[in-house]
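When you line the sequence shown up against UniProt numbering, it's residues 1 to 271, in that order. Structure, as structure tokens:
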Amino acid sequence: MSGLFVTGTDTGVGKTVFAALLVRWLRRRGVDAVPMKAVQSGAAAEDPAGDAARLLRAAGVTVPKEALVPYAFRAPLAPAVAADKAGVRVELGRILAAYQALRRRHRHVVVEGAGGLMVPIAGDILIVDLMERLGLPAVVVARSGLGTVNHTLLSLHLLRARGIPVVGVVLNDGPHGEPDPSAEDNPRLIERLGGVPVLGRLRTVPEGPKPDAPRMPSGAPPDRATEEAFGEAERTLREAEAAFDEAALAMLEAEVDLSAIVRALEGREGR
1 MSGLFVTGTD TGVGKTVFAA LLVRWLRRRG VDAVPMKAVQ SGAAAEDPAG DAARLLRAAG
61 VTVPKEALVP YAFRAPLAPA VAADKAGVRV ELGRILAAYQ ALRRRHRHVV VEGAGGLMVP
121 IAGDILIVDL MERLGLPAVV VARSGLGTVN HTLLSLHLLR ARGIPVVGVV LNDGPHGEPD
181 PSAEDNPRLI ERLGGVPVLG RLRTVPEGPK PDAPRMPSGA PPDRATEEAF GEAERTLREA
241 EAAFDEAALA MLEAEVDLSA IVRALEGREG R
């Protein structure tokens, strides 16, 4: 295998947080892994608060924008809808070519999808269709609380029907970690009924700081005071994100079976 596909049961379940942490964890251990956001909506490619930029900062390497995120749309809509409104035709071949470009330069590529498996990215093409074409093993990120058993089992059923190997499921409490009595039993139910391991549960990892990105004012060239204020705001953002990453990495190592993911990257397929 040459990578991993991080998918989810829905939007906002923590795919980007998990993918970003995984890439950083791998690189700290000397593994040449880079991220890729297959298609992004809700933020432009260069938006520092977008998923693609978050993934790139986690990697700490330079990745060409066209390979990191082949398509990005500002509208917070399903990618196919956002593309239609922007007058852009999304082509699966361009996404596959971007992946291959990264593979030629790096040992592993961690690809993050958009939303869940049935999200349309172009016409009748769904995220699961892209996954099938890439042929990578998948990690499914899901909410840990009430309702996740149904959503996760449906996702696993579709992946199995498409012949996509699943490394396992990662459950995420989300940014607030609100108490949910079902969260203690859900891993056991998913493993028994879904036939795949639950690799772990991220209990208190927040989604990370996403403040408004600092921007230089338009119009006249900024004076020295404005430039210094801008630089300070940017440093504050990066420091806050770095502090989050350190705490989240500790949680990742403590709560998730990362050895199963490493084995999948090295060639052992999931179920």
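Just so it is clear, CB atoms sit at the ideal spot from N, CA and C, and this is done for glycine as well. Every value quoted in this text rests on a predicted model; they were computed, and no experiment measured them.
Separation of residue j from residue i, as counted between CA atoms
i           : j    : result
V167        : F5   : 10 Å
R215        : L146 : Because R215 sits at a pLDDT of 49, beneath the cut-off of 50, its placement in the model cannot be relied upon, and the point is left open.
K210        : T62  : Because the pLDDT at K210 is just 48, under 50, the model does not fix this residue reliably, and the value given afterwards should be weighed accordingly. Cα to Cα, K210 sits roughly 21 Å from T62.
H157        : I164 : 10 Å
E46         : R201 : 31 Å
L249        : R27  : 12 Å
V198        : L153 : 12 Å
E207        : L134 : Reliability fails at E207, whose pLDDT of 48 lies under 50, so the model's placement of it is uncertain and the value that follows must be treated cautiously. Going from the Cα of E207 to the Cα of L134 covers about 27 Å.
E255        : R224 : 46 Å
D51         : T148 : 23 Å
I261        : G3   : 10 Å
W25         : L136 : 20 Å
S218        : G93  : Annotation note: pLDDT 47 at S218 (below 50); position unreliable, coordinate value reported separately. Computed Cα separation, rounded: 37 Å.
K37         : L56  : 10 Å
residue 273 : R104 : The question about residue 273 has no answer, for the chain in this structure spans 1 to 271.
G270        : G87  : Here the model assigns G270 a pLDDT of 48, short of 50, so the residue's position is not dependable, and the following value carries that caveat. Whole-angstrom Cα-Cα distance: 38 Å.
V13         : N186 : 15 Å
E232        : A240 : 12 Å
L159        : Q100 : 22 Å
L126        : V69  : 17 Å
A242        : R203 : 19 Å
H151        : K65  : 33 Å
A247        : R188 : 27 Å
Run of the beta strand (DSSP E) containing residue i, from where it starts to where it stops
i    : result
L171 : V166 to N172
L202 : V198 to L202
G8   : G3 to G8
R143 : A138 to R143
P120 : P120 to A122
C-beta atoms of residue i and residue j nearer than 7 Å
i           : j    : result
L258        : L21  : no
V90         : A122 : yes
T18         : V170 : It should be noted that the sequence gives Phe, not Thr, for residue 18. Yes. Within cutoff.
residue 274 : V140 : In the structure as shown, the chain begins at 1 and stops at 271. Residue 274 is therefore absent and cannot be evaluated.
L102        : V110 : no
A98         : A67  : yes
L77         : S41  : yes
A53         : P79  : no
V196        : R162 : no
K85         : A75  : yes
T9          : G174 : no
K15         : E132 : no
A49         : V23  : no
S144        : A183 : yes
A138        : T11  : no
Boundaries (first-last residue) of the alpha helix (DSSP H) holding residue i
i    : result
H151 : T148 to A161
T16  : K15 to R28
D84  : P79 to A86
V262 : L258 to L265
R188 : N186 to G194
R89  : Careful: R89 lies outside any alpha helix (DSSP H) and carries neither H nor E.
E46  : From DSSP, E46 is part of no alpha helix (DSSP H); its letter is neither H nor E.
Bridge-paired residues (DSSP) for residue i
i    : result
K37  : E112
A126 : A quick correction: the sequence has Leu, not Ala, at residue 126. Partner(s): P120.
F73  : S41
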